[in-house]
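Participant: Take 2 as the starting number for the sequence shown in the working numbering and just add one per residue.
Here it is, the structure, as structure tokens.
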Amino acid sequence: GLGDAVSVGVGLQSNLELLANRGVVLADNPNNFVLLKFQLDMGADMHASARHVMLGQLNLSSPMTYIVRGGEMPQGLLTSLRVQSLTPVEFGGFERAR
2 GLGDAVSVGV
12 GLQSNLELLA
22 NRGVVLADNP
32 NNFVLLKFQL
42 DMGADMHASA
52 RHVMLGQLNL
62 SSPMTYIVRG
72 GEMPQGLLTS
82 LRVQSLTPVE
92 FGGFERAR
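Now the structure itself:
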């Protein structure tokens, strides 16, 4: 009747999917996630080859996709970010440490 709650089943969808398909988001959506994809830019990054070698030594790859859910840190994400953000000076330190 008038004023009764309406329930709509939306399945296991992230907030991005809900927003795109239904126009709503859920504050406490247990199915919410963020998809992060990293890929080395072999043409623009003069250190891309070295980064690629480092990632391989760490059993990581490029491209690499991470799914972040509920504040959990996927294994390898911080390492991948660190390798991809190394400065030229830090690369020199890595070479000396090898």
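Virtual Cβ for every residue (Gly too), placed ideally from N, Cα, C.
Bear in mind the structure is a predicted one, so any value in this text is a computation, not a measurement.
Can the beta-carbon of D26 be found less than 9 angstroms from the beta-carbon of V69?
Facilitator: Looking at the sequence itself, residue 26 is Val, so the reference to Asp does not match. Their beta carbons are not under 9 angstroms apart, which means V26 does not touch V69 by this criterion.
Participant: Can you tell me whether DSSP reads T88 as helix, strand or coil?
Facilitator: Coil, per DSSP.
Participant: Reducing DSSP to helix, strand and coil, say where M74 ends up.
Facilitator: In this structure, M74 counts as coil in the three-state DSSP scheme.
Participant: So what does V7 bridge to, in DSSP terms?
Facilitator: DSSP output for V7 lists no bridge partner at all.
Participant: Less than 9 angstroms separating the beta-carbons of F92 and A51?
Facilitator: Yes, the Cβ-Cβ distance between F92 and A51 is below 9 angstroms.
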